[in-house]
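**Student:**
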Amino acid sequence: MLRVSVTQDNALTVKVGKKDNSSENFRRANKILTADSEPVHIWDFSGRTTYILMNAWNRMPHDSKYDSKSADHEMPLEIHIYDLSKPVANGADGKRDGLALTLGGSVFSNGSITDMDLDSSSGRSKQVGSGLRGLDNLGNTCFMNSAVQCLAHTSKLVDYFLGDFCKEINTHNPLGMKGELAYAFGDLLRKLWAIDRTPIAPRQFKAKLARFAPQFSGFNQHDSQELLAFLLDGLHEDLNRVKCKPYSEAKDSDGRPDEEVADEYWGNHLARNDSIIVDICQGQYKSTLVCPLCKKVSVTFDPFMYLSLPLPSTTMRTMTITVFSTDGTTGPSPYTVSVPKSGDTRTLINALSNGCSLRDDERLLVAEVYNNSIIRYLDEPSEVISLIRDGDRLVAYRLPKDSEDAPIVVFRSQRMESSLSSFGRKSWKTFGTPLVSSLPDDTVTGSTICDLFLKVMTPFRVSKDDVSDADERIGESSLVNETADTDMSTDTSEQTSLNNNTLEDETGTEDAMQFFLTNERFPDQRMKIEMDQPITVKGPLKCLHVVVCWQDDGLEQYNLSSLDSLPEIYKAVLFSRRPQDTCSLYACLEAFIKEEPLGPEDMWYCPGCKEHRQASKKLDLWRLPEILIIHLKRFSYSRYTKNKLETFVDFPIHDLDLSKYIGHRCQQIPHNYRLYAISNHYGSMGDGHYTAYVYDERKKGWYDFDDRHVGPITEDNIKTSAAYVLFYRRIQEDSLDTGTDRDSDIPT
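Going by full-length UniProt numbering, the letters in the sequence shown line up with residues 1 to 748, in that order.
1. What's the gap between the Cα of serine 447 and the Cα of methionine 531?
2. May I have a chain-ordered list of the alpha helix (DSSP H) segments no shorter than 4 residues that lie completely inside the segment 553-625?
3. Please confirm whether lysine 644 and leucine 309 have their CB atoms less than 8 Å apart.
4. Classify aspartate 706 as helix, strand or coil using the three-state DSSP reduction.
5. Which same chain residues end up closer than 8 Å to glutamine 443 when comparing Cβ atoms and leaving out the 5 residues on each side of it in sequence?
6. Can you list the beta strand (DSSP E) stretches of 3 or more residues lying completely in the segment 250-329, in chain order?
7. Go to tyrosine 695, then tell me how far its beta strand (DSSP E) extends in each direction, as first and last residue.
8. In angstroms, rounded to a whole number, what distance separates the CA positions of histidine 41 and phenylalanine 161?
9. Here's the rule I'm using: 16 or more other beta-carbon atoms within 10 Å means buried, otherwise exposed. How should methionine 144 be labelled?
10. Just to confirm my understanding: we take residue 752, look at its own chain, exclude 5 residues before and 5 after, and list those with CB closer than 7 Å. What are they?
11. Do you know whose CA, among Phe301, Asp344, Gly163, lies nearest asparagine 268's CA?
12. Specify the secondary structure class of asparagine 680 as computed by DSSP and reduced to three states.
13. Quick one, which of Cys606, Ile627, Lys610, Arg623 has its alpha-carbon nearest lysine 617's?
14. Determine the burial state of arginine 730: buried for a count of at least 16 other Cβ atoms within 10 Å of its Cβ, exposed for fewer.
15. What do you get for methionine 513, buried or exposed, if any count of 16 or more other CB atoms within 10 angstroms of its CB means buried?
16. On the DSSP bridge list, what partners appear for serine 373?
17. Compare the Cα-Cα distances from glutamine 614 to each of Gly343, Asp620, Gln557 and report the closest residue.
18. Is it buried or exposed, leucine 387, if we count other Cβ atoms within 10 angstroms and call 16 or more buried?
19. Within the same chain, show all residues whose beta-carbon is closer than 7 Å to that of aspartate 487, passing over the 5 residues directly before and after it, in chain order.
20. Are the beta-carbon atoms of asparagine 240 and aspartate 187 separated by less than 8 Å?
21. Can you check which of these residues, Leu399, Asp402, Pro400, Leu435, is closest to glutamine 414 by C-alpha distance?
22. Taking C-beta to C-beta, are valine 537 and phenylalanine 516 nearer than 8 Å?
23. Quick one: Cα of phenylalanine 212 to Cα of threonine 141, how far?
24. Among Asp524, Met685, Leu289, which one has its Cα closest to the Cα of aspartate 602?
25. Take asparagine 672 and list the residues in its own chain whose beta-carbon comes closer than 8 Å to its own, dropping the five residues that flank it on each side.
26. Using only alpha-carbon positions, find the residue among Gly131, Asp258, Thr582 that is nearest to aspartate 196.
27. Which of helix, strand or coil does DSSP assign to threonine 433?
28. Could you tell me the distance, in whole angstroms, from the CA atom of tyrosine 728 to the CA atom of glycine 711?
29. Looking at the strands, I want to know which residues DSSP matches up with asparagine 140.
30. In this structure, how does DSSP classify arginine 96 when only helix, strand and coil are distinguished?
31. So, cysteine 609 versus proline 312, is the Cβ gap smaller than 8 Å?
32. Buried or exposed: cysteine 244, going by 16 or more other Cβ atoms within 10 Å of its Cβ?
33. From this set, Val242, Arg674, Arg317, Leu378, which residue's C-alpha is nearest leucine 628's C-alpha?
34. Taking phenylalanine 453 as part of the alpha helix (DSSP H), name the residues at either end of that continuous run.
35. Leaving out five residues before and five after alanine 351 in sequence, what residues of the same chain have Cβ atoms less than 8 Å from its Cβ?
Following this line, the structure appears as structure tokens:
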């Protein structure tokens with residue numbers, strides 16, 4: 001039995017007496033409760049501990065004779081009790097409410113949550129909470145519930161926040177929240193580990209989030225990873241043990257050994273950042289930048305809180321481009337190629353050249369087409385293809401390789417169409433895809449332009465069996481131009497025939513094409529091309545822009561439907577069922593450490609060139625934390641679209657081995673990890689739902705946390721395409737030797 005006496009400040013002295021216990025129990029108590037044992041702190045969340053202990057003390061005899069005789073046969077133990085049933089204001093000098101029972105150097109030093117039985121003869125302790133407690137959904141707060149449950153089952157954080165964490169609150173950190181976020185999270189954590197299994201409504205914690213992070217205010221759906229990143233960073237700043245941060249200037253490697261540079265960076269980081277979050281969640285990676293021109297190499301070592309891994313399917317992009325011949329041998333043909341998303345125009349052209357079996361004496365001229373006109377050429381090899389949208393339309397023209405410096409001619413076709421806006425009046429409208437041909441080196445005339453156009457139009461010519469005699473005569477002649485005007489405002493009587501090549505059919509109507517030179521900047525300004533008129537190519541681009549005006553009879557000789565159906569870069573099919581992509585977590589790691597060029601918005605200032613360069617970048621893992629958080633980048637954003645990848649990632653559960661990915665080979669720390677929690681996302685981006693899977697070390701099983709509902713789930717079912725954030729903890733070396741995980745300090 002225990003004998004209790006009361007001191008000041010809610011302190012009790014509990015004495016284990018030899019008279020009231022068997023010799024064996026007294027001997028065991030002496031072994032546990034040594035003379036230099038630290039005081040026991042009982043954080044009473046129910047208000048019953050004080051009541052029970054005081055009743056026990058009132059029933060005990062208090063004569064001094066008994067006490068003096070028993071002094072040599074008693075082991076004193078000081079207990080401090082804090083009544084959590086009475087709210088305490090934030091920042092109350094270490095008396096902040098909490099839930100913990102700690103005893104330095106005792107059997108409870110593993111941080112387990114227990115409630116001590118007053119009858120020491122039993123030799124056992126009762127559990128206080130299992131941690132299997134749900135959180136109410138306050139309105140699209142499943143993202144918050146999922147992230148909190150994963151952190152609430154991170155053993156080191158549980159031990160820390162159920163202990164006396166208040167002494168490390170940094171209220172003077174300008175980057176922190178004066179401890180309020182840490183207090184709110186600690187309060188929520190203690191409630192989750194209380195005896196009561198009733199679901200909790202985390203309104204106070206949600207209010208703190210909205211106050212310090214307005215992006216989480218309201219009741220819109222958010223990203224659990226973004227919440228997790230803010231929460232970990234906020235807790236770190238609230239609990240940062242560094243009160244005055246020293247200034248440290250980052251130095252370049254300058255050829256020094258990586259170990260020396262890494263330790264220097266890590267030391268500078270710890271001099272300014274020291275908290276429980278840094279202790280268990282932060283690692284370090286190596287970043288290598290290489291200038292594409294002067295080959296200057298810059299090596300830095302930066303800390304990380306989590307790893308954001310790309311899915312291999314997100315690193316590649318499928319693009320469809322239509323290829324046109326310029327010699328009239330073949331018609332247009334679409335080709336679909338796969339290129340890296342971070343690639344450039346050179347990468348795209350190389351892939352397309354292989355896809356269309358480009359000959360050695362040919363080159364590709366790639367252009368973007370919009371509204372039946374070429375709006376730009378992709379002639380800059382280093383231009384990134386990420387600027388090209390899925391809805392854009394690209395074409396590629398096969399040109400002679402020896403004509404790279406030769407001028408080209410671009411043909412746009414027009415035909416007469418009725419317009420509703422002009423009350424049925426007909427006007428010239430552009431249609432189809434522009435066609436391109438290279439100009440010869442000698443003198444160019446109107447006949448040259450006509451011959452080049454007829455040549456590139458050869459694949460579209462209908463068979464002779466379907467052509468009338470008049471059409472055949474038109475095809476064999478050098479098609480004569482008729483006068484045309486864009487708005488039909490000019491007098492058609494001014495139409496003239498050139499070179500006496502005008503042909504008329506039996507009814508006397510004229511069947512012909514017209515060719516007009518136009519200005520690229522002012523397309524409405526045009527000049528009719530005479531067949532014998534010399535044409536001079538001007539301008540730095542050496543490009544002629546020619547409009548071909550078709551008459552109806554001329555259109556009947558060609559099948560131009562393929563020019564009107566230019567495919568998009570990528571056409572997403574709604575409600576289509578496609579095979580699910582699969583990959584391993586190791587493949588995601590390989591994609592993460594793969595060398596790739598920086599984007600134009602992330603240009604690096606090269607100290608050698610003294611200019612911003614599009615350098616190549618490579619990441620390597622250098623120092624891994626005890627708790628490794630892995631974020632799978634399922635969501636992709638652009639100016640116009642938001643997509644989610646449903647790729648199934650096969651991740652290890654019992655042994656994630658990262659040994660081969662670590663650059664710091666000299667470390668004696670094991671690099672094997674075991675999974676203990678998953679944040680899942682189901683559905684699409686706007687209306688999805690978050691849950692959490694958590695491993696219960698005490699019951700040796702997995703549990704599904706779906707807001708307020710908590711239930712068991714088999715290990716075979718935790719691997720899904722919904723896995724979004726993975727939580728791993730390091731496996732200690734002795735566990736690896738025996739094949740078991742002994743580093744299991746989840747509260748029991």
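Each residue gets a CB set at the ideal place from its N, CA and C atoms; glycine is no exception.
**Tutor:** In brief:
1. Their Cα atoms are separated by approximately 5 Å.
2. Qualifying alpha helix (DSSP H) stretches, in chain order: 585-593.
3. The Cβ-Cβ distance between lysine 644 and leucine 309 does not fall below 8 Å.
4. The three-state reading of DSSP puts aspartate 706 in strand, counting E and B together.
5. In the sequence as presented, glutamine is not what sits at residue 443; that position holds threonine. The answer, listed in chain order, is Pro534.
6. Counting only runs of 3 or more, we get 283-290, 297-304, 307-310, 316-325.
7. Residues 689-696.
8. For histidine 41, the predicted model reports a pLDDT of 49, less than 50, meaning its position is unreliable; a value from the coordinates is still stated below. C-alpha separation (whole angstroms): 14 Å.
9. Looking at its Cβ environment, which holds 16 or more other Cβ atoms inside 10 Å, methionine 144 is buried.
10. Here the chain covers residues 1 to 748 and nothing more, so residue 752 does not appear.
11. Out of Phe301, Asp344, Gly163, Phe301 has the C-alpha closest to the C-alpha of asparagine 268.
12. For asparagine 680, the secondary structure class from DSSP, reduced to helix, strand or coil, is strand.
13. Nearest option by C-alpha distance: Cys606.
14. Only buried fits arginine 730, as 16 or more other CB atoms lie within 10 angstroms of its CB.
15. The residue in question, methionine 513, is buried, as its Cβ has 16 or more Cβ neighbours within 10 Å.
16. Bridge partners of serine 373: Tyr370.
17. Ranked by Cα distance from glutamine 614, the first of Gly343, Asp620, Gln557 is Gly343.
18. It is exposed - the Cβ of leucine 387 has fewer than 16 other Cβ atoms within 10 Å.
19. Residue placement at aspartate 487 cannot be trusted, given a pLDDT of 37 that sits under 50; what the coordinates show is reported in the next sentence. Only Ser427 meet the Cβ criterion.
20. Their beta carbons are not under 8 Å apart, which means asparagine 240 does not touch aspartate 187 by this criterion.
21. Nearest C-alpha to glutamine 414 among Leu399, Asp402, Pro400, Leu435: Leu435.
22. The answer is no: Cβ separation not under 8 Å.
23. Distance between the alpha carbons of phenylalanine 212 and threonine 141 is about 16 Å.
24. Looking at the Cα atoms, Leu289 is the closest of the given residues.
25. Around asparagine 672: Asp655, Leu656, Asp657, Leu658, Ser659, Arg730, Ile731, Leu736.
26. Nearest C-alpha to aspartate 196: Gly131.
27. Residue state, collapsed to three classes: strand.
28. Approximately 21 Å, taken between the alpha carbons.
29. In DSSP, asparagine 140 forms no bridge with anything.
30. Confidence at arginine 96 is low in this model, with a pLDDT of 34, below 50, so its placement is unreliable and the value that follows should be read with caution. Coil.
31. No Cβ-Cβ contact shorter than 8 Å links cysteine 609 with proline 312.
32. Classification of cysteine 244: exposed, given that the 10 Å Cβ count is below 16.
33. Taking only the C-alpha atoms, the option nearest leucine 628 is Arg674.
34. Residues 446-456.
35. The beta carbon of alanine 351 sits closer than 8 Å to those of Val337, Ser338, Val339, all from its chain and outside the five residues before and after it, given in chain order.
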